Each structure stands twice: as structure tokens, then as C-alpha cells.
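In our numbering, the protein residues as written are 9 to 334.
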Ligand code: ADP
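This is the structure:
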């Protein structure tokens with residue numbers, strides 16, 4: 009059954025991710041194509057509470073598909089955790105006549121959307137916008153590909169200097185409690201080891217493998233460590249220096265460069281497809297779902313699934329890492 013959404017709001021929330029602008033553009037232009045009014049909400053749920061809401065036109069989203077960050081800005085909003093805050097947000101939406109929402113963000117933003125939708129009977133559609141790729145039910149999230157490519161570019165550069173000096177670099181990449189950026193960037197740069205939060209780090213076996221390679225004069229230049237991995241890059245460097253004193257070790261933390269920059273073609277494409285699908289979904293009367301991509305097809309997945317589950321990393325990956333670095 010088709011619902012009667014007439015005015016929709018779009019916001020970006022939580023951590024920013026390259027490709028969010030491409031998603032906003034797709035939502036706005038698909039909405040206008042279907043004769044809907046589209047409203048931009050600034051700074052995520054904060055703008056809903058502060059009434060920082062404005063009508064968007066096709067030209068509002070001109071020339072943004074290639075830009076990182078988000079023109080709607082993003083924020084973490086404490087007030088939205090409270091019923092009073094969400095009620096204020098609802099009253100502001102009501103004033104504008106907004107009867108559907110597209111929330112671009114991570115699992116925290118989805119949790120907020122789900123609670124809000126239940127309380128005030130407003131259909132909400134999620135778009136997975138996070139560099140961490142930590143949302144279950146979708147093969148990709150908007151921003152992940154760009155972040156990984158940035159990490160790959162940086163690690164390649166570090167490898168040049170590592171190789172010139174016969175140094176070992178331990179490189180920390182982002183991902184919060186997800187190891188996907190580490191895994192993908194590590195495999196793609198030929199890292200000798202990759203440490204991720206999904207697998208408990210066995211420091212002894214990491215050091216033993218290094219000692220063995222050191223003994224047979226195999227050069228080891230790169231170990232990639234996810235920021236959420238419990239042992240930590242700095243601590244690992246200390247242990248290696250103690251155990252293999254003639255191995256020079258350096259730590260590089262890539263940090264926020266992984267969040268910025270122009271989105272890759274892949275991120276622009278999935279953001280455009282997902283933004284389009286989100287509006288189609290609202291018009292079709294579906295809600296409390298997020299738009300994901302599985303086996304290169306669009307899927308609508310209950311928000312619950314993203315909230316309750318994490319993406320898993322298959323054992324195959326770890327085997328590949330071990331075999332290819334030997
Ligand atoms: P991300 O969306 O990147 O995972 P956060 O976890 O910080 O980022 O969530 C973004 C925002 O979503 C929070 O600042 C808050 O406003 C809202 N939010 C998250 N969880 C809840 C919740 N349980 N109830 C209400 N709002 C929530």
C-alpha cells in the first residue's frame with residue numbers, strides 16, 4: 009500500500025563519512041522528482057530539537073557529489089536520548105508538516121531513529137553512512153571505500169620509507185570497534201600482519217613470527233593495527249623493541265585523514281543508489297528499515313538488525329593474511 013508522505017526531512021548524524029553529500033543529493037532530487045517537499049535538518053538530531061530546518065531545492069545540492077564531509081553538518085546529540093528532547097524534535101517536525109525522515113548515519117543514529125519512529129509514528133529510513141563498516145545486513149556502508157583507499161595510499165607511502173631504512177612500521181587505522189578498515193587496507197598493501205578487535209591478539213605469536221622472519225632475513229615493513237584492537241600499536245612496538253633490539257620500529261597513527269576527502273566513485277555510486285532507494289521506500293510505505301546492499305542488490309533491512317548485530321569477519325580472511333605474508 010502506498011503511504012501519503014508529502015514532506016520528508018533528511019539529516020546526517022554521528023560520525024561523518026565521505027559520500028554523505030552524494031546521499032543527501034540523491035534523497036533531495038528523488039524526492040523532488042516525486043513531487044515531495046524535502047527539508048534539510050542541520051547537525052543531525054540537534055537540528056530537529058533546535059528547529060534548524062530548511063527547505064531544500066534541486067540547486068541546494070548542486071556541486072556536492074564530489075565533496076567529503078556533509079553540507080548538513082553532523083553532531084552527537086545528548087538531548088535526543090531523552091523523551092523530552094525527542095518530543096521537542098517531533099513538535100518541530102510537525103510544524104513543518106514533515107511526515108517522513110531519512111537518517112544517514114551509523115548504528116547509534118539508527119537506534120535513535122527507531123525509538124523516535126515508534127514513539128511518534130513517523131516513518132524513518134536509515135542509510136548506512138559510516139567509514140567503519142560495522143553495520144550488519146549490508147556488504148558496504150557509505151564512506152568505507154573512501155576511508156580504505158585513503159589508508160592504502162598512506163600505507164603505501166609509509167612503506168617506501170620503511171623499505172628504504174629497513175624499518176618496521178606499526179600503523180594504526182580507524183574503525184572504532186570494527187576491524188574492516190585494518191583488514192582491507194592491510195591485505196591491499198601486503199601488510200605482514202593485521203591486528204583487529206574481532207580476534208584476540210596473541211602477542212607472543214606476533215613476536216615469534218617476526219623473530220622467525222628476522223632470522224631468515226625476510227624484511228617486515230608493515231603491521232596494520234585497528235584502533236579498537238585491545239593491545240594497541242604503541243604497546244606492541246615496545247614489546248617488539250625489547251624482544252628484537254636490532255629491529256627499528258616506528259608507530260604511525262593515520263587518524264582523521266581517513267574521514268575526509270573526496271568520495272571514491274564506488275562510494276558516490278552506492279550513496280546515489282541508496283538515497284534514491286530511501287525515498288522510493290518511504291513512498292511505498294515501508295519504514296523502520298535501512299537500505300543496504302547485498303550481493304550488489306538493494307535490500308531493505310529492519311533497523312533492528314543493524315542495531316543488534318555486528319558484521320562478522322570470516323576466518324578465510326585471516327588465513328589469506330597469513331598465507332600471503334609468509
Ligand atoms: P553513529 O550513528 O555514528 O553510530 P552515535 O552512536 O554517536 O553515532 O549516535 C548518533 C546520535 O544518535 C547520538 O548522538 C544520539 O543523538 C542518537 N542516538 C544514539 N543512540 C540513541 C538512543 N538509544 N536513543 C536515542 N537517541 C540515540
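Even for Gly, the Cβ is constructed at its ideal location relative to N, Cα and C.
Computed from a predicted structure; not experimentally measured.
Practice problem: Let me know the secondary structure DSSP gives residue 43 once reduced to three states. | Solution: In the structure shown, residue 43 sits in coil (DSSP, three-state: anything other than H, G, I, E or B).
Self-check item: Pairwise C-alpha distance: residue 317 and residue 137
Solution: 16 angstroms
Quiz item: Which residues in the same chain have their Cβ closer than 6 angstroms to the Cβ of residue 260, if we skip the five residues on either side of it in sequence?
Solution: 166, 177 and 179
Quiz item: Relative to ligand 1, is the shortest distance from any of its heavy atoms to the C-beta of residue 340 smaller than 7 angstroms?
Solution: Only positions 9 to 334 of the chain appear in the structure, and residue 340 is not among them; the question remains open.
Quiz item: Within 10 angstroms of its Cβ, does residue 227 collect 16 or more other Cβ (buried), or is it exposed?
Solution: Exposed, by the Cβ-count rule.
Practice problem: Might you give, ordered along the chain, the residues of its own chain that have their beta carbon closer than 6 angstroms to the beta carbon of residue 328, omitting 5 neighbours on each side? | Solution: none
Quiz item: Can you give the beta carbon distance from residue 111 to residue 117, rounded, assuming they're within the 8 angstroms contact cut?
Solution: Their Cβ separation, rounded to whole angstroms, is 5 angstroms, which keeps residue 111 and residue 117 in contact under 8 angstroms.
Quiz item: What did DSSP end up calling residue 162 once you bin it into helix, strand or coil?
Solution: helix
Practice problem: Give the straight-line distance between the Cα atoms of residue 273 and residue 223, rounded to the nearest whole angstrom. | Solution: The alpha-carbon separation between residue 273 and residue 223 amounts to approximately 43 angstroms.
Quiz prompt | N- and C-terminal bounds of the beta strand (DSSP E) containing residue 201 | solution = 201-203
Quiz prompt | Whole-angstrom distance between residue 62 and residue 92, CA atom to CA atom | solution = 23 angstroms
Quiz item: Where does the unbroken alpha helix (DSSP H) through residue 89 begin, and where does it stop?
Solution: No alpha helix (DSSP H) holds residue 89; DSSP gives it neither H nor E.
Exercise. Return yes when at least one heavy atom of ligand 1 lies under 7 angstroms from the C-beta of residue 188, else no.
Key: no
Exercise. Taking only runs that begin and end inside the region 178-263, name each unbroken beta strand (DSSP E) of 3 or more residues, in chain order.
Key: You should have 201-203, 230-234 and 257-261.
Exercise. Go ahead and pull the three-state DSSP assignment for residue 154.
Key: helix
Self-check item: Closest residue to residue 161 among 197, 308, 253 and 82 (Cα-Cα distance)
Solution: For residue 161, the nearest C-alpha among the options comes from 197.
Quiz item: Looking at residue 57 and residue 29, is the spacing between their C-beta atoms short of 8 angstroms?
Solution: no
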